[in-house]
Amino acid sequence: MAPVDITIGRRPSLDGALLGDTDPATQGGYPDHPPRMGFFTDTSVCIGCKACEVACKEWNAIPEDGLLFTGMSMDNSQGLGADTWRHVAFIEQRKPIAAQDPGVAHEGVDVTPLARQGSGTAAGQAAVTPTTPGDAGEFRWLMASDVCKHCTHAACLDVCPTGSLFRTEFGTVVVQEDICNGCGYCIPACPYGVIDQREGDGRAWKCTLCYDRLSVGQEPACAKSCPTNSIQFGPLDELRERADARLARLHEAGVIDARLYGRDPHDGVGGDGAFFLLLDEPEVYGLPPDPVVTTRDLPSMAKHVAAAAATLIGGALAAFAVGRWVS
Amino acid sequence: MAECHPVGFQWVMEAKARGAKVIHVDPRFTRTSALADIHVPLRAGTDIAFLGGIINYVLTNDKYFREYVVAYTNAGTILIEDYRDTEDLDGVFSGLDVDQRSYDFHTWQYEGMEVQAASGHRDLEYQDKAGGGNGRSRRSVHHSGRGEAHGSGGVAITGVPQVDPTLQHPRCVFQVLKRHYARYTPEMVSDICGVSVDTFLQVCKLLAENSGRERTSSFVYSVGWTQHTVGVQYIRTAAVLQQLLGNIGRPGGGIMALRGHASIQGSTDIPTLYNLLPGYIPMPHAHSNEDLDSFIEAESPKKGYWAQMRAYTVSLLKSWWGPAATPDNDFCFDYLPRLTGNHSTYETVMAQLAGECKGYFLLGENPAVGSANAKMQRLGMANLEWLVVRDFSLIESATWWKDGPEIESGELRPEDIGTEVFFLPAAAHTEKDGSFTNTQRMLQWHHQAVEPCGDARSDLWFTFHLGRKIREKLAASTDEMDRPILDLTWDYPTKGSLAEPEAEAVLAEINGWDAEGSPLSSYEQLKEDGSTACGCWIYCGVYSNAINQAARRKPAAQQDWIAKEWGWAWPANRRILYNRASADPDGKPWSARKALVWWDEDKAKWTGHDIPDFTATKSPHYRPPPGATGAAALAGVDPFVMQADGKSWLFVPAGLTDGPLPAHYEPQESPVPNLLYRQQRNPVRQITAMVHPHDRFEPSGGEPGTEVFPYVCSTYRIAEHHTAGGMSRFSPYLAELAPEFFCEVSPELATERRLEHAGWATIITARAAIEARVMVTERMTPMTVAGKRLHHVGLPYHWGHSGLATGDPANELAHLSLDPNVHIQEVKVLACDIQPGRRPRGRARDALVEEYQRRAGITERTGTEV
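Going down the list, the protein sequences come from chains A and B. The numbering of the first sequence is the working numbering, which starts it at 1119 and goes up by one. The numbering of the second sequence is the working numbering, which starts it at 247 and goes up by one.
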């Protein structure tokens, strides 16, 4: 990819950006822009090596954020946050993987009550590594590298009052650290709980899809370091085609639980710029099953609010008038 | 492999995407298991029984590749009548000397031909060949050993072996092999290994179905196989199986040794081992009056490529001593140090404790955490005069004298320790030029990206300038003793403000040059007369045409699938060794699908995708005339060109100290008795030199006291950290991924011992007590072994007391009973107890260990029986 001039996009008008299958970069004010770039994270080939987590921190100079043994399988970084922009989830599960014989035997252990505690159980309270229930003798270990979804309709961007969050010419969503004032509006706005405020800093931080690397024709650090191509980077259209083909192959091979997540441009966020192939329900990976851009209803809410306000004011005036009249 | 070699695992994933079946055999369920088709959890320490069972399956169900086996292995070779198998002697081979704890290999010979070691312990025969043999030499050789000699060497001293191509003769190797493994039945495997019969047979079937003319299978192993008192025999069992299945010398076949870290292969080729010279030339022993002629006479064969050993050795001596090496002074052969015994790493620790070894260099090594019985490593270092540590950070091996466990407990006081410790910061691979040699024997060059920070310097810089300064100090010396240093060729050019030696100049020296100084292109050009110099004969060609061949990076898309122009593989840029075996005896590929090299009748030469590992113009129909020597003594159907008989060896008549065929022995410490033989352990495991109050062994099998240590524990690595942690625990981004030492146990064991998930546990052996956070996980599974339930305790070994991620080193628990061939420690399987809660502090910690010793009735003799 040729280097691209960095120009800061204009902010989209709310009405235009909140509906349907759109081209976010055009919406963002780049009439002539490179193709929309994104990630396809194929968790079926993830080996959980965490090279993505480390490469991301190294490249983006993200501080270490806690030396904590969690007891949550091999996951000690716990989730995405201000200081973890790639996060590998480890899910121990009583479920067969296609054609795989796990060779484990735990007939005597009742995993259901243990699993009920869920993977959010505080370390020390869980009696075993949190395990998803299933049949005894079946076992698999899912690994998945999570990241900011770079939504087509990004609520974080909508609510940012300073213009720190902006849409790039690649269709990605980036926070500008020198503009962010730490107001924190974006944090509850994110339907995935990705963006977060850094402790002792106050500003909001998240994956930039390595905007600096993209701008000089390099792929993001996580994708570059992934040894098994679980993290694939490229034009979103190509990635979607590739993902569809991979999904079809897995279904053919009998992996019927395989599904794409964030691939659909008609979902609640207009599709994700970073989407996934999962081997189970999204909830198993800690992902919301049906994310909706939290600013979706803003325009209609604004109308309702205006109407309600008018009604309220009208009512108040009426009450005042009536009151006066009564008294 | 996904756990410890995630980057290499991409190729397994690629093979899997093309339809390969991936079988993972490991006591624990790892990242590799998560991606495999089958995970087989087997009891740690039972792989020979498992693989032996597959050999038995292959033999009894006629699943072996018969044409391959008959043509290319020693299956038909007839053994002498004196040979007695473990089946005859209840677990030992003929020739066992119980007092010396060693084997006399003379009863393992071929009928009609005396055979010398192909690799390994070639020096066993020195006295026979040089005359005047006695028992003492055998013992000294046994205890000193010949290290990792990778498929090189081999000699027929005299005669022609008798061969039965029908494989029917009762004393032929094939029949001996059949009898040897006949009792390794699926039921026996299940009983010993804790693997179900169904799972075992599933593995057998998959392996057999995916081997033969049309298909090949490969084995990948790592230190899970080597770190045992029978480690070498583990690999041998896989070798026997792969020969029977026809999976050697063919694409997609082979046995891959994944090394501990980058370029360990390189450091065996150009060895950091005490018993080898570059290119697997043995280090001479201190035999009396041994000159170059008698060294070559004793060590080199008459047949096969090792017959040129004199040319390789003379060229090495010319490379080191240049003009000073002349025919008149035996090319400075006397400058080479001589072995007087075993100088392996653990013997060195014993020598430190005895006050014999006074100085120690640690270059990128952290034995205070990473070596077995870490306490003895520290006590050894506390008894030195000086210690030099070169590493990235202040690792435990550099700071034990002020903050180690013995300081904490009061056992040692810094003011009493006489060791002068020097710490020199080291440059990382990104800060220097150089090459890595990987498991495929491929050299890949890396270029310096940045200058090292502060005082950090490369190992090359350190070694070169240390040598330069020593030579300056000795310059005026007239002492004969200093000549080997003063006569060295030590004139490497340097560059930059740090005076960094040119790494490529070293590569050029390793490659070698002729009398005119032109780079050589092949080891076949090496001469005996001193007109060539070559630092490592197997690397000859890596700098041919004065081009750094290792630095080639032609993309895969621009060349064929064998990718000969990516890096450079020794020898002669061959990508698959012994690839003559990829063609049938007539020189035609066994199948179109698996074609690699073949005989082109029209052009009368070998050709194909890879560079043929064979004399290019030798017809498949060539038969050597009587009296032929060297490569000419091998027939056109002898693919294993480094072997004197040109065959691969199912049965090893010489070269291994602990038997010609692998047999299942229980580990040094095991809660389980040996179900196959009365002989519990490897009878010649290396143990006696190591007996020490801090290295007590536990009772095993059914002995009284075994029940005190009822669990099997195994040490291993996880993806988050690197070996003893020097490269990872001090880096915040890696430390936070696995911040504390933890042990892995099954829910059943947690219940049995009341272990709390994410709480603490204390793990105890006869050597030490350590504490770890507890990970209760279904990835660990209980097994049924010999009718009883058996639990494993999994111990990643990365942590120590320094750095950002800390914890007790698992290696505190380990003992010093070693493999007799290569002197490697048995840290992959120990017997232990585990209790909830943290370990005692101070003296109470030792008291706990002593209490366990008392309860188990441990004395200095426990576990030392033959």
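All C-beta atoms, glycine included, are put in the ideal place defined by N, C-alpha and C. Values in this document were obtained by computation on a predicted structure and should not be read as measured data.
Measuring only between beta-carbons, confirm whether residue i sits less than 8 Å from chain E.
i	result
L1405 of chain A	Structure shown: chain E not included; protein chains present are A and B.
Beta-carbon separation of residue i and residue j under 8 Å?
i	j	result
K564 of chain B	T863 of chain B	no
I269 of chain B	L504 of chain B	no
G1103 of chain B	G951 of chain B	yes
T1280 of chain A	C1298 of chain A	yes
R584 of chain B	A628 of chain B	no
N493 of chain B	T514 of chain B	no
Q1396 of chain A	Y1403 of chain A	The sequence shown places Leu at residue 1396 of chain A, rather than the Gln named in the question. Yes.
What's the gap between the Cα of residue i and the Cα of residue j?
i	j	result
L1430 of chain A	A1420 of chain A	15 Å
A317 of chain B	R429 of chain B	27 Å
P416 of chain B	Y310 of chain B	19 Å
Q346 of chain B	W783 of chain B	36 Å
L823 of chain B	R482 of chain B	17 Å
G1049 of chain B	L670 of chain B	17 Å
L734 of chain B	L519 of chain B	20 Å
S1195 of chain A	H1205 of chain A	7 Å
V441 of chain B	A290 of chain B	11 Å
L1041 of chain B	T740 of chain B	45 Å
A900 of chain B	T319 of chain B	16 Å
A571 of chain B	D580 of chain B	10 Å
S1131 of chain A	E1356 of chain A	Note on S1131 of chain A: pLDDT 45, under 50, position unreliable in the model; the coordinate value appears next. When rounded, the distance between both Cα atoms is 28 Å.
T1412 of chain A	R1091 of chain B	58 Å
T323 of chain B	Q914 of chain B	34 Å
S1191 of chain A	E1002 of chain B	14 Å
F860 of chain B	V478 of chain B	27 Å
Between residue i and chain A, is there a C-beta pair that is closer than 8 Å?
i	result
L983 of chain B	yes
R1019 of chain B	yes
N456 of chain B	no
H1038 of chain B	no
R277 of chain B	yes
T1027 of chain B	yes
G377 of chain B	Residue confidence for G377 of chain B is low, a pLDDT of 45 falling below 50, so the modelled location carries little weight; the figure read from the coordinates is stated next. It does not; no Cβ of chain A falls within 8 Å.
H531 of chain B	no
Y979 of chain B	yes
F255 of chain B	yes
L599 of chain B	no
E986 of chain B	yes
P252 of chain B	yes
Excluding the five sequence neighbours on either side, which residues of its own chain have a C-beta within less than 6 Å of the C-beta of residue i, listed in chain order?
i	result
G787 of chain B	S767, S768 and A818
H396 of chain B	Reliability of the predicted coordinates at H396 of chain B is poor, the pLDDT of 30 falling under 50, and the value obtained from them is presented with this limitation in mind. Contacts found: none.
G876 of chain B	A553
W707 of chain B	E746
W1323 of chain A	A1200 and R1316
With a threshold of 8 Å between beta carbons, is residue i in contact with chain B?
i	result
F1257 of chain A	yes
G1318 of chain A	no
Which residue marks the beginning of the alpha helix (DSSP H) containing residue i, and which one marks its end?
i	result
S436 of chain B	P432 to C439
E666 of chain B	Note, E666 of chain B: premise wrong, no alpha helix (DSSP H); beta strand (DSSP E) at E666 to P671.
C1340 of chain A	A1339 to S1343
A544 of chain B	L538 to E545
W632 of chain B	No alpha helix (DSSP H) holds W632 of chain B; the beta strand (DSSP E) holding it covers W632 to D637.
Might you give, ordered along the chain, the residues of its own chain that have their beta carbon closer than 7 Å to the beta carbon of residue i, omitting 5 neighbours on each side?
i	result
V595 of chain B	M622, Q623 and G626
I716 of chain B	I731
Could you spell out the range, first to last residue, of the beta strand (DSSP E) harbouring residue i?
i	result
L689 of chain B	M688 to H692
C989 of chain B	F988 to V991
Note down, in chain order, each residue of its chain lying with its Cβ closer than 8 Å to the Cβ of residue i, except the 5 sequence neighbours on either side.
i	result
Q448 of chain B	I284
D941 of chain B	N619, M622, R1013, H1061 and L1062
M1155 of chain A	F1288, G1289, T1290, L1327, L1332, F1351, G1352, P1353, L1354 and G1391
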